[in-house]
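Undergrad: Sharing a structure, written as structure tokens. Questions coming.
Residue numbers (our numbering): 197 to 534.
Written out as structure tokens, the structure reads:
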């Protein structure tokens, strides 16, 4: 569970150096300097979803505006719900699962069925922090079985009559409509969700929100005038979509092997984040900051730092094309020496 008032994505980690490493400027490039077409294909847009359309419709509009073949959003919002809808583009869509499973924050208007003492309302809301049981509503895309979801924090912002405004940080897959219903039951007066806005999704916040109109204008500026600046502002590199995951930085000699599906051996690690647990999902990066793959850690940070051999991580999703960096391994050495 995260510390008070923070999602897991906001918990700070420290990058720890394992060995000295140098990157060859002849291969790859920093994400911000990718050619514009590649930049779009490996980008993410933090869309401010309006009330009305479905999340799928918004993603389809983003795809049409930018002319990309695929676009995937990081967690559905009901048609009337507004706010953050990070949408990954083209090749970046492989990272959708990592972002979709990240923690979320919402600001919610809860309508009580009769006025209750403010002190009691705050007390009951606080009791819903931590693991809670939820049954998905009848109209949902998942199987209706009781499941556990974690509420990281609930902050009551304002109470006026039967209206309660609160901010909630929660695990992915939490139904806020059901949370409102349960709070109403616990208060003994009943209640329902009146309005909802998503304010955080993994590493994304309202600071980088972009409207569909802004995205369209930025694309037109580039298409008609050749001005890339606005397009590069509204689209962010796909690396920002996994910045909430613990990082493992690879030596240049290890990159192509991972791109070809090989497990990452300890000698291929240049540095990594503190607090990495065995079995945790991590993001593998080049020394230039490019996302190589998403991988399951096979050792903790401490074990990787102490080891001189063995497998540090096993890729589950490869995002970089093989051949971007020179091959520094043979088939015989594929899973042993990177």
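In this text, a Cβ means the ideal position worked out from N, Cα and C, and glycines have one as well.
Find the nearest neighbour of residue 501 within the set 213, 207 and 201, judged by alpha-carbon distance.
TA: Closest by alpha carbon: 213.
Undergrad: Is residue 269 close to chain D, meaning its C-beta is less than 8 Å from at least one C-beta of that chain?
TA: Although the question refers to chain D, the structure presented lacks it and comprises just one protein chain.
Undergrad: Tell me which residue opens and which closes the beta strand (DSSP E) that residue 414 is part of.
TA: Taken as a continuous stretch (DSSP letters only), residue 414 belongs to no beta strand (DSSP E), being part of the alpha helix (DSSP H) at 408-421.
Undergrad: Report the rounded CA-to-CA distance for residue 266 versus residue 225, giving the unit in angstroms.
TA: Each residue's Cα considered, the two are about 24 Å apart.
Undergrad: Would you say residue 517 and residue 395 are within 8 Å of each other, going by their C-beta atoms?
TA: It is not a contact, given that the beta carbons lie outside the stated cut-off.
Undergrad: Between the stretch 245-263 and the stretch 444-453, do three or more beta carbon pairs fall short of 8 Å?
TA: Touching, no.
Undergrad: Among 344, 357 and 362, whose alpha-carbon lies nearest the alpha-carbon of residue 351?
TA: Per the Cα distances, 362.
Undergrad: Taking all protein chains shown into account, do 16 or more other C-beta atoms lie within 10 angstroms of the C-beta of residue 388, making it buried, or fewer, making it exposed?
TA: Its Cβ having fewer than 16 others within 10 Å, residue 388 is exposed.
Undergrad: If you follow the beta strand (DSSP E) that residue 307 is in, where does it begin and where does it stop?
TA: First-last of the beta strand (DSSP E) with residue 307: 300-308.
Undergrad: Which partner residues does residue 242 have in the DSSP bridge list?
TA: In the DSSP output, where bridge partners are listed per residue, residue 242 has 282.
Undergrad: Indicate whether residue 408 and residue 232 have their beta-carbon atoms separated by less than 8 Å.
TA: Cβ distance not < 8 Å, so residue 408 and residue 232 don't count as in contact.
Undergrad: Would the stretch 263-278 and the stretch 343-360 be scored as touching if the rule is three or more Cβ pairs under 8 Å?
TA: Short answer: they don't touch.
Undergrad: Excluding the five sequence neighbours on either side, which residues of its own chain have a C-beta within less than 6 Å of the C-beta of residue 405, listed in chain order?
TA: Excluding positions up to five away in sequence, the list reads 242 and 244.
Undergrad: Does the stretch 483-493 touch the stretch 502-521, meaning 3 or more C-beta pairs lie closer than 8 Å?
TA: Touching, yes, given that three or more Cβ pairs across the two stretches are closer than 8 Å.
Undergrad: Taking 8 Å as the cut-off, decide whether the C-beta atoms of residue 399 and residue 439 are in contact.
TA: Yes; because the gap between Cβ atoms is below 8 Å, this pair is in contact.
Undergrad: Going by DSSP, which residues form a beta bridge with residue 349?
TA: Bridge partners of residue 349: 365.
Undergrad: For the 8 Å Cβ check, are there 3 or more pairs between the stretch 302-312 and the stretch 379-388?
TA: These segments touch.
Undergrad: Rounded to a whole number of angstroms, what is the C-alpha to C-alpha distance between residue 538 and residue 493?
TA: Residue 538 is absent from the model: the chain starts at 197 and stops at 534.
Undergrad: How far does the beta strand (DSSP E) with residue 268 in it extend, from its first residue to its last?
TA: Counting along the chain, the beta strand (DSSP E) containing residue 268 begins and ends at 267-269.
Undergrad: In chain order, what residues of the same chain have a beta carbon less than 8 Å from the beta carbon of residue 448, not counting five sequence neighbours either side?
TA: So the qualifying residues of the chain are 217, 218, 219, 220, 223, 482, 483, 521, 522 and 524.
Undergrad: Are residue 401 and residue 367 close, meaning C-beta to C-beta below 8 Å?
TA: Result no, Cβ atoms of residue 401 and residue 367 do not sit closer than 8 Å.
Undergrad: Starting from the C-beta of residue 370, find all residues in its chain whose C-beta is less than 6 Å away, skip the five residues before and the five after it, and write them out in chain order.
TA: The residues are 345.
Undergrad: Could you have a look at residue 442 and say whether DSSP puts it in helix, strand or coil?
TA: Looking at residue 442 - three-state DSSP - the assignment turns out to be coil, as it is neither helix nor strand.
Undergrad: Between residue 392 and the rest of its own chain, which residues show a CB-CB distance below 7 Å, the 5 nearest in sequence each way excluded?
TA: So the list reads 277, 302, 304 and 372, once near-sequence residues are dropped.
Undergrad: If you follow the alpha helix (DSSP H) that residue 429 is part of, which residue opens it and which one closes it?
TA: 425-430 is the extent of the alpha helix (DSSP H) around residue 429.
Undergrad: Please identify the residue among 269, 426 and 340 whose C-alpha is closest to the C-alpha of residue 330.
TA: That would be 340, whose Cα lies nearest to the Cα of residue 330.
Undergrad: Would you mind working out which of 430, 468 and 375 sits nearest residue 325, comparing C-alpha positions?
TA: If we check each option's Cα against that of residue 325, 375 comes out closest.
Undergrad: Using only CA atoms, which one of 428, 317, 419 and 452 lies nearest to residue 227?
TA: Nearest C-alpha to residue 227: 428.
Undergrad: Measuring alpha carbon to alpha carbon, tell me which of 416, 480 and 507 ends up nearest residue 459.
TA: Residue 459 has its Cα closest to that of 507, out of 416, 480 and 507.
Undergrad: Taking all protein chains shown into account, do 16 or more other C-beta atoms lie within 10 angstroms of the C-beta of residue 435, making it buried, or fewer, making it exposed?
TA: By the 10 Å Cβ count, residue 435 comes out buried.
Undergrad: Which class does residue 236 belong to by DSSP, given the choice of helix, strand or coil?
TA: Note: residue 236 maps to helix in three-state DSSP.
Undergrad: Can you give, in chain order, each stretch of the beta strand (DSSP E) that sits fully within the stretch 459-495 and has at least 3 residues?
TA: Whole beta strand (DSSP E) segments, 3+ residues: 465-469, 477-481 and 487-493.
Undergrad: Please list, in chain order, all residues of the same chain as residue 321 whose beta carbon is under 7 Å from its beta carbon, the five residues on each side excluded.
TA: Around residue 321: 350, 352, 362 and 379.
Undergrad: Return the residue from the list 411, 323 and 420 that minimises the CA-CA distance to residue 381.
TA: Checked all of 411, 323 and 420; the closest Cα to residue 381 is 323.
Undergrad: If you follow the beta strand (DSSP E) that residue 395 is in, where does it begin and where does it stop?
TA: Segment 387-397, the beta strand (DSSP E) holding residue 395.
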